[in-house]
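> Attaching a single structure in structure tokens format; questions to follow.
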Amino acid sequence: MSTPEKTNPRSDPRWVRVALIAAALGVIGVLIVIPLVDVFVEAFGRGLGAYWQTLTGDADTQAAIRLTLTVAPIALALNLIFGIAAAWAISRFRFPGRTLLTALIDLPFSVSPVVAGLIFVLIFGLQGYLGPWLRAHDWRIIFATPGLVLATTFVTFPFIARELIPLMEAIGADEEIAAASLGASGWQLFRRVTLPNIKWGLVYGIILCNARAMGEFGAVYVVSGHITGRTDTMPLRVEKLFQEYNTPGAFAVASLLASLALVTLAVKTALEWKTRRDLAEAARLRSEGDAA
Amino acid sequence: MNDVNRRVLPGFRLSLGYTLAYLGVLVLVPLAACFSKAATLPFDRFWAAVSTERAIAAYELTVGASLVSAAINVVLGVLVAWVLVRYEFPLKRLVDSLVDLPFALPTAVAGLVYSSLYVESGWLGRFLVPLGIQAAYSRLAIVLVLVFVGFPFVVRTLEPVLERIDADIEEAAACLGATRLQTVTRVIFPSLYPALVTGFALSFARALGEYGSVVFVSGNMPFKTEIAPVLIVARLEEFAYAEATAIAVVLLVISFSVLVVVNLLERWSKRVYA
Amino acid sequence: MSITVKQVSKSFGSFRALEHVSVEVAGGSLVALLGPSGSGKTTLLRIIAGLEVADSGTVLYEDEDVTDAAVKDRNVGFVFQHYALFRHMTVFENVAFGLRVRRWPRKRVKERVGELLRLIQLDALAGSYPSQLSGGQRQRVALARALAPEPKVLLLDEPFGALDAKVRQELRQWLRRLHDEIHVTSVFVTHDQEEAFEVADRVVIMNHGHVEQTGTPREIFERPANPFVMDFLGNVNVFHGHVVRGRMKAGSLEVDYPAHPHDEPRPATAFVRSHELDILRTPNGRSSLEGKIMHLSPAGPVVKARVFAADFGIVLNVDVPRDRYAELGLEVGDTVYVAPRDVRVYLQDYII
């Protein structure tokens, strides 16, 4: 009997496979795994008690956690509503400029976070276009929570829309047209037909958007003004602790953000498995239908 | 499809109106403000702001480090995507998930940990520093962290393309007498070029604007390790808004050009090979 | 260059694709592997090419054992069902590929490719990309690419399967003419019997991993070896009955079957092709069946009649020549008598 590897034209020799797998694992190891492990080793290096003390004993760190938990959900909610509206308009209707609109939605991805922060300073800052008017009414946007929300919303702007648009285009409008012809109202149609179909794609978009919203650094750095205990989000707190040579503190906060990243990856992977299974299931049902 | 849907399905005006308003208020108007602010500068002052030696050094470093890191990512991305698509090995699913970590991990965390790994006392620095490799607070550090940040782009653009290469293409090459190496270099790689260009450009564009991770690892020395976004922040902190805006406009123009070039390339390759 | 396949078996998991298959392909001939899907014909072709490895058995090219030879060293031309053209290469580069990897000098590559492009009549499109060609043009390019390195054998996997009916027809005639010109030993896989019979010198009929019959188209059509072949060729009416003492009886149908002169009856099946049935207005003795015309389809070179035979509870398909149809003045609902001219009887150890 001959070995299949010898003649199967698509398979590589064993030594090539082993060498390439080893090289790839080496890349992932050095680039990703070692840094990830290092975050937790540095954070827990002096024991669990010290770690807990670092996180809970510092009022400014506590404030940063609270601020991130305030800013991220607001940005998320805003982009969620936008994402659904944009996906509905773009995937269900044809209108002039549709392609351009789709391209514009991706625009924030090619803007440096620092520039994203800067543009809001230019509008709402003291010397900005609306600065004098805001000052006259005693409203603060820059160096305050609204500015953080604006900057975060800008950088996470495309996530949910770009997840939903291709999904809804793939699903098609047939079910919704059927529901509308049966007399469903707009809200019933969305809640009973559209939402069940897109819910997993929506969750996918939300977790990616949330990860970026909680982790954003450059844009919020520019608009925050670094007022300790007032406008420092978690990533900004990491930087401040690092600048103050409080490395254990910086790593403790960083470990929370890294955990968030791991949870995000886990949910993302689970959703991708689910989608793949659903697709396989749909294909199986289709082929059985053909055979019958 | 258009007219029928508009007659049958609700919410066209509402959803499109909201989309346009939100996009306009949050993205387009602020970006326009940036350009209009830059336009208030007389041209000679604008030119002076964007062409100081320090600024030029920053552009060169930003573009150079981004190009180098994107090129490295192309090589690493081809390797990892190939292994993930073509071979089976233990923990493959886990490795596949880990590829996305740079998308999920806040850049500040990446910067923090990279800065600690490559100093002399760090896990990797203790091997590299004695060899004379300074991968902390140097240009090398910037490239390294940009490789991390842009790593998933090439892998994720290549994977679906590799999966879609039909078995019969490789079989055809073998039947025609090609060795495995010839099949890989003459048949498989050329069909990956469009995806490689896209992956390279995405990785490059991401690196151009990156701030959070670089600021931790580079040391931010003017003329040496100061990238353009760091220079913008430095100008802002000096309250030199006009100068900061001018440099931001240069950065925006570079990023948008990359975007346009990628779109044109994709359209072209679709037309020729589709 | 002849091809000999000896006792080849191949399984994919628990599915046995080929079981002890032996086939001879004479040098310079054009042979069709014909069978339903899942019959193992494509697997056999891929084993001949070296794209699959047989679990057991041997493959010879002339006298040389190539069972373990790598594909790239076998010098076969293989044409894939979906063309498998290199989409990033022009037509010229596709055809030149096999020559370039063999390091032919530039000038000879140019000559050889030019020659082949003229042969497939696509020299005007040398600079086009595959995406700019029609399906038929792509398949011709695939053929030219396979022929360029002067292969010892040419193997084609459902070569016209992805094309529409008219282009198929043109291409299969063209393939036959081409083969008459270049005489390279060729094997092609098809599930379309018309295609196999029209193009091939010899046809190998396969089913469930076995060879059911091998022969010229005429031999197979006139002397089907077994009920599977009979049924696969189609347009056939089936009667179940039994044989006893040299006669086959199925209801009122009776024919001679001298191969079974014994007393004890055995189940048997009789097959009659639709063009081997006559329609009569009056019964002619014992070997005609009474029936009622259910449907007439007069469009085409023959009139297709569907006749319900109450004795058997089955519908018979009968091809009636046009002049006979006019002569009898057949109408739906008429009672007629159907008489077989030619009946093939098989004892029932063959199960379809």
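Protein chains in written order, with my numbering: chain Z, 1092 to 1383; chain E, 543 to 816; chain X, 148 to 499.
Where is the CB? At the ideal position from N, CA and C, for every residue including glycine.
Sorted by chain position, which residues of the same chain lie with C-beta nearer than 6 angstroms to Tyr660 of chain E's C-beta, five sequence neighbours on each side aside?
Answer for Tyr660 of chain E: Leu666, Gly667, Ala677, Ala678, listed in chain order.
> Between which two residues does the beta strand (DSSP E) carrying Gly245 of chain X extend?
Per DSSP, Gly245 of chain X belongs to no beta strand (DSSP E); it is in the alpha helix (DSSP H), 238-247.
> Compute the Euclidean distance between the alpha carbons of Met1305 of chain Z and Pro1339 of chain Z, then round it to the nearest angstrom.
C-alpha separation (whole angstroms): 21 angstroms.
> Rounded to the nearest angstrom, how far is the Cβ of Val687 of chain E from that of Ala652 of chain E, given a contact under 8 angstroms?
Contact holds; Cβ gap of about 6 angstroms.
> Should Gly160 of chain X be flagged as near chain E, meaning a C-beta pair shorter than 8 angstroms?
No, Gly160 of chain X does not count as interfacial toward chain E.
> Beta-carbon within less than 6 angstroms of Gly245 of chain X's beta-carbon, same chain only, minus the 5 sequence neighbours each way: which residues are those?
Once the five neighbours on either side are set aside, the close Cβ partners of Gly245 of chain X are Ala295, Pro296.
> Give me the Cα-Cα distance between Gly274 of chain X and Val346 of chain X, rounded to the nearest whole angstrom.
Between Gly274 of chain X and Val346 of chain X, the C-alpha separation is close to 31 angstroms.
> Along the chain, which unbroken stretches of the beta strand (DSSP E) at least 3 residues long are found entirely within the region 298-337 of chain X?
Runs found: 300-304, 332-337.
> Taking contact to mean 3 or more Cβ pairs, one atom from each stretch, closer than 8 angstroms, check whether the region 773-786 of chain E and the region 636-649 of chain E are in contact.
The region 773-786 of chain E, when compared against the region 636-649 of chain E, does not touch it at the 8 angstroms Cβ threshold.
> Give the range of the alpha helix (DSSP H) segment to which Tyr601 of chain E is assigned.
Looking at the DSSP string, the run of the alpha helix (DSSP H) that includes Tyr601 of chain E is 595-628.
> Taking 8 angstroms as the CB-CB limit, is Arg1101 of chain Z close to chain E?
Taking Cβ atoms only, chain E reaches closer than 8 angstroms to Arg1101 of chain Z, which makes this a yes.
> Which first and last residues belong to the alpha helix (DSSP H) in which Gly282 of chain X is found?
That run of the alpha helix (DSSP H) goes 282-294.
> Can you grab the Cα-Cα spacing for the pair Tyr601 of chain E / Ile1210 of chain Z, in whole Å?
Rounded to the nearest angstrom, the two C-alpha atoms are 20 angstroms apart.
> Over what stretch of residues does the alpha helix (DSSP H) that includes Val362 of chain X continue unbroken?
The sequence given here has Gly at residue 362 of chain X, not Val. Gly362 of chain X -> not in any alpha helix (DSSP H); beta strand (DSSP E) instead, spanning 357-362.
> With a CB to CB cut of under 6 angstroms and the five nearest residues on each side skipped, what residues in its chain are close to Thr699 of chain E?
Contacts found: Ala737, Thr740, Gly741.
> What's the call for Ser578 of chain E, buried or exposed, on a 16-neighbour Cβ count within 10 Å?
With fewer than 16 other Cβ atoms within 10 Å, it is exposed.
> So, do the region 318-335 of chain X and the region 156-167 of chain X have three or more beta carbon pairs nearer to each other than 8 angstroms?
With the cut-off at 8 angstroms, the region 318-335 of chain X and the region 156-167 of chain X do not touch.
> Is Ser1057 of chain Z near Gly1309 of chain Z, with beta carbons less than 8 angstroms apart?
Here chain Z comprises residues numbered 1092 to 1383, so residue 1057 of chain Z is not present and cannot be evaluated.
> With 8 angstroms as the limit, tell me which residues of the region 706-721 of chain E have their beta carbon closer than that to any beta carbon of chain B; keep them in chain order.
Going by chain labels, chain B is absent from the structure shown, which instead holds the protein chains Z, E and X.
> Would you list, in sequence order, the uninterrupted beta strand (DSSP E) runs of no fewer than 3 residues that lie entirely inside the region 1255-1304 of chain Z?
Runs of the beta strand (DSSP E) inside the region 1255-1304 of chain Z: none found.
> Residues of the region 1240-1260 of chain Z in Cβ contact with chain E at a cutoff of 7 angstroms, in chain order, please.
So the list reads Thr1244, Phe1245, Phe1248, given in the order they occur along the chain.
> With three or more C-beta pairs closer than 8 angstroms as the rule, is the region 482-490 of chain X touching the region 425-432 of chain X?
Because the criterion of three Cβ pairs below 8 angstroms is met, the region 425-432 of chain X and the region 482-490 of chain X touch.
> What residue does the beta strand (DSSP E) around Leu1167 of chain Z start on, and which one ends it?
That residue, Leu1167 of chain Z, is in no beta strand (DSSP E); its alpha helix (DSSP H) goes 1150-1183.
> Would you decide whether Trp624 of chain E is buried or exposed? Buried here means 16 or more other CB atoms lie within 10 Å of its CB.
Buried.
> Looking at C-alpha atoms only, which residue of X:Ile367, X:Gly356, X:His355, X:Leu266 is the closest neighbour of Thr340 of chain X?
Reading off the sequence, residue 340 of chain X comes out as Gln, not Thr. The option with the nearest alpha carbon to Gln340 of chain X is X:Ile367.
> Mind reading off the beta-carbon distance from Leu1356 of chain Z to Leu682 of chain E? Whole number of angstroms is fine, and I expect it under 8 angstroms.
That pair is no contact at about 28 angstroms.
> Determine the chain Z residues that contact Thr649 of chain E at a beta-carbon separation under 9 angstroms, and present them in chain order.
Residues of chain Z passing the Cβ test: Pro1204, Gly1306, Glu1307, Phe1308, Gly1309, Pro1326.
> Using a 10 Å radius around the Cβ and a threshold of 16 neighbouring Cβ atoms, would you call Met1092 of chain Z buried or exposed?
Annotation note: pLDDT 38 at Met1092 of chain Z (below 50); position unreliable, coordinate value reported separately. The residue is exposed, with fewer than 16 neighbouring Cβ atoms inside 10 Å.
> Write down every uninterrupted run of the beta strand (DSSP E) in the region 154-213 of chain X whose length is 3 residues or greater and which is fully enclosed by it, in chain order.
Here the runs fully enclosed are 162-172, 177-181, 203-208.
> Could you tell me the distance, in whole angstroms, from the CA atom of Thr1161 of chain Z to the CA atom of Tyr230 of chain X?
When rounded, the distance between both Cα atoms is 58 angstroms.
> Restricting to runs no shorter than 3 residues, where is the beta strand (DSSP E) found entirely within the region 365-414 of chain X?
If we require 3 residues or more, the beta strand (DSSP E) runs fully inside the region 365-414 of chain X come out as 383-391, 394-397, 400-403.
> Is the Cβ of Ile1084 of chain Z closer than 8 angstroms to any Cβ of chain E?
Any answer about residue 1084 of chain Z is impossible in this case: the structure gives chain Z only from 1092 up to 1383.
> Once you ignore the five residues that flank Ala790 of chain E on each side, which residues in its own chain have a CB closer than 7 angstroms to its CB?
Once the five neighbours on either side are set aside, the close Cβ partners of Ala790 of chain E are Cys576, Ile774.
> On a Cα-Cα basis, can you pick out the residue from X:Val256, X:Leu475, X:Val155 that is closest to Ser215 of chain X?
Here residue 215 of chain X turns out to be Asp, not Ser, going by the sequence shown. Here the closest residue by C-alpha is X:Val155.
> Throw me the rounded Cβ distance for the Ile769 of chain E and Thr604 of chain E pair, which I believe falls under 8 angstroms.
5 angstroms between Cβ atoms; contact.
> Report the residue ranges of all alpha helix (DSSP H) runs contained in full by the region 688-724 of chain E; include only those spanning at least 4 residues, in chain order.
Runs found: 709-717.
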